[in-house]
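Contents: one structure, followed by commentary.
There are 2 protein chains.
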Amino acid sequence: MKDNNDMPGHLVRRFQQIAVAVFLSEIEGAGFDLTPVQYAALAAISANPGVDQITLAGLIAYDRTTITGVVDRLVQKGLVVRRARPRDRRARALHITEAGETTLRAITPAVEQAQRIMLRGLTDREAAEFMRLLRKAIAAANELSRAPLRELQQVIETDGDAVAPRDDSDANRS
Amino acid sequence: MKDNNDMPGHLVRRFQQIAVAVFLSEIEGAGFDLTPVQYAALAAISANPGVDQITLAGLIAYDRTTITGVVDRLVQKGLVVRRARPRDRRARALHITEAGETTLRAITPAVEQAQRIMLRGLTDREAAEFMRLLRKAIAAANELSRAPLRELQQVIETDGDAVAPRDDSDANRS
DNA sequence: TGATATTGCTCAGTATGCTGATGATCAGTA
DNA sequence: TACTGATCATCAGCATACTGAGCAATATCA
Chain Y
0 MKDNNDMPGH LVRRFQQIAV AVFLSEIEGA GFDLTPVQYA ALAAISANPG
50 VDQITLAGLI AYDRTTITGV VDRLVQKGLV VRRARPRDRR ARALHITEAG
100 ETTLRAITPA VEQAQRIMLR GLTDREAAEF MRLLRKAIAA ANELSRAPLR
150 ELQQVIETDG DAVAPRDDSD ANRS
Chain D
0 MKDNNDMPGH LVRRFQQIAV AVFLSEIEGA GFDLTPVQYA ALAAISANPG
50 VDQITLAGLI AYDRTTITGV VDRLVQKGLV VRRARPRDRR ARALHITEAG
100 ETTLRAITPA VEQAQRIMLR GLTDREAAEF MRLLRKAIAA ANELSRAPLR
150 ELQQVIETDG DAVAPRDDSD ANRS
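Here the protein sequences line up with chains Y and D, keeping their order. Counting from 1, position 7 in the first sequence corresponds to residue 6 in numbering that gives the first Met the number 0; the numbering is continuous, with no gaps. Counting from 1, position 150 in the second sequence corresponds to residue 149 in numbering that gives the first Met the number 0; the numbering is continuous, with no gaps.
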């Protein structure tokens with residue numbers, strides 16, 4: 000029988016566990032209280048003001064039912080606001096607040112430090128190869144989970160803000 | 000600002016998400032209902048009859064508070080039994096049942112197939128390198144999470160059963 | 001326009017993972 | 001033996017993730 004050490008699934012679970020612990024430790028050390036998931040969502044909202052939750056979920060590969068709670072917590076912390084979108088009252092346009100931007104800038108060093116720490120066992124060359132292989136494996140299996148990564152494909156209808164690039168003209172690709 | 004694609008933490012979270020989805024899909028396709036976490040625990044109990052929960056947790060790097068629920072579910076499914084250990088009434092000696100062994104044997108092909116599918120984007124050579132890097136990175140950061148991997152180091156005191164290889168004579172190794 | 005399909009979001013329920021606390025038991029020692 | 005500290009296990013509480021269901025609003029097409 001195969002050993003756990005030969006199971007990519009088991010190894011990845013273990014590394015993910017370490018990655019989360021390192022992230023939380025660094026963020027807390029910097030005086031903040033934000034999970035990896037919340038950080039990724041906050042950064043994505045900052046880069047795409049006015050996104051709706053479904054689109055946001057696709058950008059960072061979260062499940063649509065998970066994103067609700069994550070945004071709830073970001074709103075509760077005052078880092079994000081949900082606004083109604085006049086053109087589509089189903090959607091909630093997400094915007095980062097001043098406090099959110101401030102937090103995002105302030106924790107970036109800790110976030111980057113965390114990435115280095117979790118790879119401390121690898122040389123720079125190995126780390127680069129590791130990430131290349133991860134990206135390649137993920138790309139080939141993206142559609143196998145319920146929450147695949149989705150590129151931004153159309154202009155986001157906001158309530159007035161400038162927004163991320165969108166292109167309805169190529170709506171006919173697979 | 001760094002992109003998500005440059006963050007090992009984010010990439011690993013995504014791959015882990017895919018790995019779990021693939022595992023569940025293959026297991027369900029084979030007609031069983033077992034999570035990756037439950038499978039690893041079941042396999043570890045099978046290989047180490049009579050282990051207590053803390054030791055089991057160390058063997059597969061689970062948190063001690065998580066293992067309780069996992070074992071609960073395995074017991075509920077009739078795959079594992081908890082027995083009192085006469086020499087230490089704090090501990091619960093875990094044993095796999097007949098049904099557990101049968102299940103374990105029956106799902107092994109699906110488990111191995113799942114490992115192949117999640118790496119389908121990589122060549123054999125890349126897959127091997129990927130796992131080597133994962134193992135190396137994990138080894139260097141093992142102690143950074145609350146639930147580090149712990150090798151089996153002493154004889155398990157059971158309630159009469161034969162037990163995992165144990166050797167008190169070399170108890171003085173690191 | 002009216003019926004249907006789709007979309008954005010939320011909720012209930014289940015399964016990890018973690019923090020921190022508690023209870024029961026055991027080991028070592030004064 | 002009484003005390004102290006360590007160990008095994010569990011629990012409450014919180015944060016992901018997912019399945020599946022349902023609601024409201026929009027889009028589409030006959």
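Each residue gets a CB set at the ideal place from its N, CA and C atoms; glycine is no exception.
Of the residues the options, the one placed nearest residue i, counting alpha carbons only
i: Ile59/D; options: Leu143/Y, Ala105/Y, Glu100/Y and Phe14/Y; result: Phe14/Y
i: Ile106/Y; options: Ala18/Y, Glu27/Y, Glu150/Y and Met6/Y; result: Glu27/Y
i: Ala18/D; options: Leu93/Y, Ala18/Y and Val11/Y; result: Val11/Y
i: Arg145/D; options: Val110/D, Tyr61/D, Asp5/D and Thr34/D; result: Tyr61/D
i: Ile72/Y; options: Arg89/Y, Val50/Y and Pro35/Y; result: Looking at the sequence shown, residue 72/Y is not Ile but Arg. Looking at the Cα atoms, Pro35/Y is the closest of the given residues.
i: Lys76/D; options: Ala92/D, Glu25/D, Thr101/D and Thr54/D; result: Thr101/D
i: Val191/Y; options: Arg63/Y, Thr122/Y, Asp51/Y and Arg88/Y; result: What is shown of chain Y runs 0 to 173, which leaves residue 191/Y out entirely.
i: Phe22/Y; options: Ile44/Y, Met117/Y, Thr122/Y and Ala139/Y; result: Met117/Y
i: Glu125/D; options: Leu103/Y, Met130/Y, Thr122/Y and Arg115/Y; result: Met130/Y
i: Pro7/Y; options: Asp2/D, Ala138/D and Ala113/D; result: Ala113/D
i: Asp175/Y; options: Thr54/D, Arg119/D and Tyr38/D; result: Past the edges of chain Y, shown from 0 to 173, lies residue 175/Y, and the structure says nothing about it.
i: Thr65/Y; options: Ala140/D, Arg86/D, Gln16/D and Asn47/D; result: Gln16/D
i: Arg115/D; options: Glu111/Y, Asp123/Y and Ala136/Y; result: Ala136/Y
i: Pro85/D; options: Gly49/D, His9/D, Phe31/D and Ala29/D; result: Gly49/D
i: Ala56/Y; options: Ala29/Y, Arg91/Y and Asp123/Y; result: Arg91/Y
i: Ala29/D; options: Pro147/D, Glu111/D and Asp87/D; result: Glu111/D
Cutoff 8 Å: residue i Cβ touching any chain Y Cβ
i: Ile17/D; result: yes
i: Arg13/D; result: yes
i: Asn47/D; result: no
i: Arg165/D; result: Note that Arg165/D scores 31 on pLDDT, short of 50, meaning its location in the model is unreliable; the coordinates nonetheless yield the value given after this. So no, Arg165/D is outside the interface.
i: Pro7/D; result: yes
Beta-carbon proximity of residue i to residue j, cut-off 8 Å
i: Leu151/D; j: Gly99/D; result: no
i: Leu143/Y; j: Ala109/D; result: no
i: Glu128/D; j: Glu97/Y; result: no
i: Asn4/D; j: Arg134/Y; result: yes
i: Val74/D; j: Arg63/D; result: no
i: Leu103/Y; j: Leu132/D; result: no
i: Leu93/Y; j: Val70/Y; result: yes
i: Ile44/D; j: Ile95/D; result: yes
i: Arg119/D; j: Ala138/Y; result: no
Below-8 Å beta-carbon distance, residue i vs any chain D residue
i: Ala60/Y; result: yes
i: Leu10/Y; result: yes
i: Leu118/Y; result: yes
i: Ala40/Y; result: no
i: Ala20/Y; result: yes
i: Gln52/Y; result: no
i: Gln114/Y; result: yes
What are the residues of the stretch 120-132 of chain Y that lie near chain D, defined by any Cβ-Cβ distance shorter than 8 Å? Gly120, Leu121, Glu125, Ala126, Glu128, Phe129, Met130 and Leu132
Where in the stretch 55-93 of chain D do unbroken runs of the alpha helix (DSSP H), each at least 4 residues long, occur, reported from the N-terminal end onward? 63-75
Along the stretch 135-150 of chain Y, where does the CB come closer than 8 Å to a CB of chain D? Name the residues. Lys135, Ala136, Ile137, Ala138, Ala139, Ala140, Asn141, Leu143, Ser144, Arg145, Ala146 and Leu148
What are the uninterrupted segments assigned as alpha helix (DSSP H) that are 4 or more residues long and contained completely in the stretch 11-52 of chain D, given in chain order? 35-46
Going along the chain, which residues of the stretch 22-35 of chain D sit with their C-beta nearer than 8 Å to a C-beta in chain Y? Phe22, Ser24 and Pro35
Extract the residue ranges of the alpha helix (DSSP H) inside the stretch 89-157 of chain D, only unbroken runs of 4 or more that lie entirely within it. 97-117 and 123-140
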